[in-house]
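**Student:** The opening position of the sequence shown corresponds to residue 347 in this note's numbering, with each subsequent residue numbered one higher.
For every residue, glycine included, the Cβ atom is placed at its ideal position computed from N, Cα and C.
This structure is a prediction, so every number in the text was calculated from the model and none was measured.
Pasting a structure here, questions to come.
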Amino acid sequence: MKSQKSETEILLKNLIELLNKGNSHVLLDDALDNIPFGMLGKTPENLPYNLWQMSEHIRISQKDILEFSRNSKYKSPQWPEGYWPSNTQPSSEEEWENCLRQIKEDRESFIALLKEKAENLYEHFEHGNGQTLLREALVLADHNAYHTGEIIILT
């Protein structure tokens with residue numbers, strides 16, 4: 347007889363798939379893959395941000411969600427300026443590659459946190475104002491999906 351998975355295990359599996367696979371839309375990693383370096387700093391007419399700024403915004407925001415979720419002493423950047431890069435293009439291909447690597451590593455760290463704290467998904471953070479780890483996972487997935495769509499349009 348097969349053992350039935352707990353509701354928490356099912357929810358955790360679905361959250362991880364949402365963060366990693368995207369399910370009904372293009373993956374963030376795929377959207378960012380193979381963008382020509384020279385295209386990153388070009389801001390399309392009538393749009394406020396370019397591919398570099400959007401990618402850095404994703405990196406900064408994801409890092410903020412991760413740190414807020416695992417560190418009660420963490421202080422978020424000032425909104426909105428702290429969530430956007432000050433430069434309009436990466437200074438080097440190395441900086442671009444670092445941005446991409448950090449996005450992946452922070453997502454993996456967030457997933458590790460979800461696994462570690464799976465039994466506490468619904469508990470309110472002591473340092474927040476009602477946030478839970480479940481809410482932060484959904485915000486992270488939603489935010490990345492929203493900007494993934496913008497990146498696809500810009501490429």
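Where residue 365 and residue 391 are concerned, what is the direct C-alpha to C-alpha distance, given to the nearest angstrom?
**Tutor:** Going by the C-alpha atoms only, they are around 31 Å apart.
**Student:** Below 6 Å CB to CB, which residues in the same chain sit around residue 406 once its five sequence neighbours on both sides are set aside?
**Tutor:** Hits under 6 Å: 429.
**Student:** Could you check how far apart the C-beta atoms of residue 437 and residue 482 are, in whole angstroms? I think they sit under 8 Å.
**Tutor:** That belief does not hold up - the Cβ atoms of residue 437 and residue 482 are roughly 31 Å apart, past 8 Å.
**Student:** Whose C-beta lies closer than 7 Å to the C-beta of residue 473 among residues of the same chain, with five residues either side of it excluded?
**Tutor:** Cβ neighbours of residue 473 beyond the five flanking positions: 418.
**Student:** Could you spell out where the alpha helix (DSSP H) holding residue 354 opens and where it closes?
**Tutor:** It spans 353-366 - the alpha helix (DSSP H) in which residue 354 sits, taken as one unbroken run.
**Student:** Given a cut-off of 8 Å, decide if residue 460 and residue 484 are closer than it, judged by their beta-carbon atoms.
**Tutor:** No; because the gap between Cβ atoms is not below 8 Å, this pair is not in contact.
**Student:** Under a three-way DSSP split, which group does residue 478 fall into?
**Tutor:** Residue 478: strand per DSSP, three-state reduction.
**Student:** Within 10 angstroms of its Cβ, does residue 449 collect 16 or more other Cβ (buried), or is it exposed?
**Tutor:** It counts as buried.
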